[in-house]
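Colleague: Have a look at the structure that comes next, please.
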Amino acid sequence: MPKQFHDTHLSDDALDQIFREARSYNGWLGKDVSDEQLHAIYELMKMGPTSANMQPARIVWVKSDEAKAKLVECVSDGNKDKVKAAPVTALVGYDIDFHEELPWLFPHTDAKSWFEGDEEGRKEGAFRNSALQGAYLIIAARALGLDTGPMSGFDAEAVEKAFFGDDPKHKVNFICSIGYGDAESIFERSPRPEFDKFTRIA
Numbered sequence: 001m002p003k004q005f006h007d008t009h010l011s012d013d014a015l016d017q018i019f020r021e022a023r024s025y026n027g028w029l030g031k032d033v034s035d036e037q038l039h040a041i042y043e044l045m046k047m048g049p050t051s052a053n054m055q056p057a058r059i060v061w062v063k064s065d066e067a068k069a070k071l072v073e074c075v076s077d078g079n080k081d082k083v084k085a086a087p088v089t090a091l092v093g094y095d096i097d098f099h100e101e102l103p104w105l106f107p108h109t110d111a112k113s114w115f116e117g118d119e120e121g122r123k124e125g126a127f128r129n130s131a132l133q134g135a136y137l138i139i140a141a142r143a144l145g146l147d148t149g150p151m152s153g154f155d156a157e158a159v160e161k162a163f164f165g166d167d168p169k170h171k172v173n174f175i176c177s178i179g180y181g182d183a184e185s186i187f188e189r190s191p192r193p194e195f196d197k198f199t200r201i202a
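FYI, in the UniProt record's numbering the residues of the sequence shown are 1 to 202.
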């Protein structure tokens, strides 16, 4: 049976760790991130909602020196040192043919048929929902005491060739370094808008 949810919320310390005091890091301390920690991140992020539980994200955890060297060749000059120094960089990709997995991921109806014959629709859904899953990854890593550095400065075609080349239906959305951030690598937090600046209650 599902757990009963009550009118409770996380502590201010937890909210600070995940949101208010968390930053996107540009540099990293020389401290390893274990495979067990990567598994723990995934176990949390996979619980976040996606449309029809499609779970389109396909992640490559770039950790070895060999894999880092390949990734460095795919990123912009401003991101090369970040990738070199980070213990891990997650390539958050997506599978255009995610619908092939829906019979077991969403078994109570024929959801696969909703997406058959509509590759453009699948691309849109996969991109949107993998972006959600990438955000869950960031939140999960922060909740587990790690820092993150999401990046979009890379050659997508080169990343896909180097890391997703065995399946042309796998594409990259964004990349995100994970580790223990070096406070010296960040600058003063940029402004955040007040509620009424970009939102309204209709």
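C-beta atoms are modelled at their ideal positions from N, C-alpha and C, and glycine is treated no differently. Please read all numbers here as calculations on a predicted model, not as lab measurements.
Report back the beta-carbon spacing between V92 and G134 to the nearest angstrom; my notes put them in contact at under 8 Å.
Modeller: Their Cβ separation, rounded to whole angstroms, is 4 Å, which keeps V92 and G134 in contact under 8 Å.
Colleague: Return the Cβ separation of G181 and D147 in integer angstroms, given the expectation that the two are a contact with Cβ distance under 8 Å.
Modeller: Between D147 and G181 the Cβ distance is about 3 Å, and since that is below 8 Å, they are a contact.
Colleague: Between V33, K46, G125 and K82, which has its C-alpha nearest I175's C-alpha?
Modeller: Selected option, being the one with the closest Cα: K82.
Colleague: Give me the Cβ distance between residue 203 and M45, rounded to the nearest whole Å; I'm assuming they're in contact under 8 Å.
Modeller: Missing from the structure shown is residue 203; the chain here goes from 1 to 202 and no further.
Colleague: Could you check where the beta strand (DSSP E) with D95 kicks off and where it finishes?
Modeller: V88 to D95 is the span of the beta strand (DSSP E), which, as asked, contains D95.
Colleague: Report yes or no: do three or more beta-carbon pairs, one from the stretch 99-107 and one from the stretch 51-67, lie closer than 8 Å?
Modeller: Cβ pair count under 8 Å is three or more, so yes.
Colleague: In angstroms, rounded to a whole number, what distance separates the CA positions of K70 and R200?
Modeller: Going by the C-alpha atoms only, they are around 45 Å apart.
Colleague: Bridge partners for R58 per DSSP, in chain order?
Modeller: Paired residues: G93.
Colleague: Can you tell me whether residue 203 is buried or exposed? The criterion is at least 16 other CB atoms within 10 Å of its CB, across all chains shown.
Modeller: What is shown of the chain runs 1 to 202, which leaves residue 203 out entirely.
Colleague: Please classify P193: is it buried, with 16 or more other beta-carbons within 10 angstroms of its beta-carbon, or exposed?
Modeller: Result: exposed.
Colleague: Rounding to the nearest angstrom, what Cα-Cα distance links L144 and V33 in this structure?
Modeller: Roughly 11 Å separates the two Cα atoms.
Colleague: Is the number of C-beta pairs between the stretch 63-78 and the stretch 155-175 that are closer than 8 Å three or more?
Modeller: Segments in contact, yes.
Colleague: Note the first and the last residue of the continuous alpha helix (DSSP H) segment covering I139.
Modeller: Here the alpha helix (DSSP H) through I139 covers E119 to A143.
Colleague: Pull up the distance between the alpha-carbon of P191 and that of E184, whole angstroms please.
Modeller: Computed Cα separation, rounded: 19 Å.
Colleague: How would you label D8, buried or exposed, when you count the other beta carbons within 10 angstroms and need 16 or more for buried?
Modeller: The question names Asp, but residue 8 is Thr in the sequence shown. Answer is exposed; the Cβ neighbour count stays below 16.
Colleague: Measure from the alpha carbon of I41 to the alpha carbon of each residue in V88, F106 and D95, then state which is nearest.
Modeller: If we check each option's Cα against that of I41, V88 comes out closest.
Colleague: Whose C-beta lies closer than 7 Å to the C-beta of F106 among residues of the same chain, with five residues either side of it excluded?
Modeller: Cβ within range, chain order: A52 and N53.
Colleague: Taking the alpha-carbon of E157 as reference, which of A14, Y94 and K171 has the nearest alpha-carbon?
Modeller: Nearest option by C-alpha distance: K171.
Colleague: Please list the terminal residues of the continuous alpha helix (DSSP H) segment that includes S113.
Modeller: Per DSSP, S113 belongs to the alpha helix (DSSP H) from K112 to F115.
Colleague: With a CB to CB cut of under 8 Å and the five nearest residues on each side skipped, what residues in its chain are close to V72?
Modeller: Correct list, in chain order: K80, V83 and K84.
Colleague: How would you write the range of the beta strand (DSSP E) that H170 sits in, first residue to last?
Modeller: That run of the beta strand (DSSP E) goes H170 to G179.
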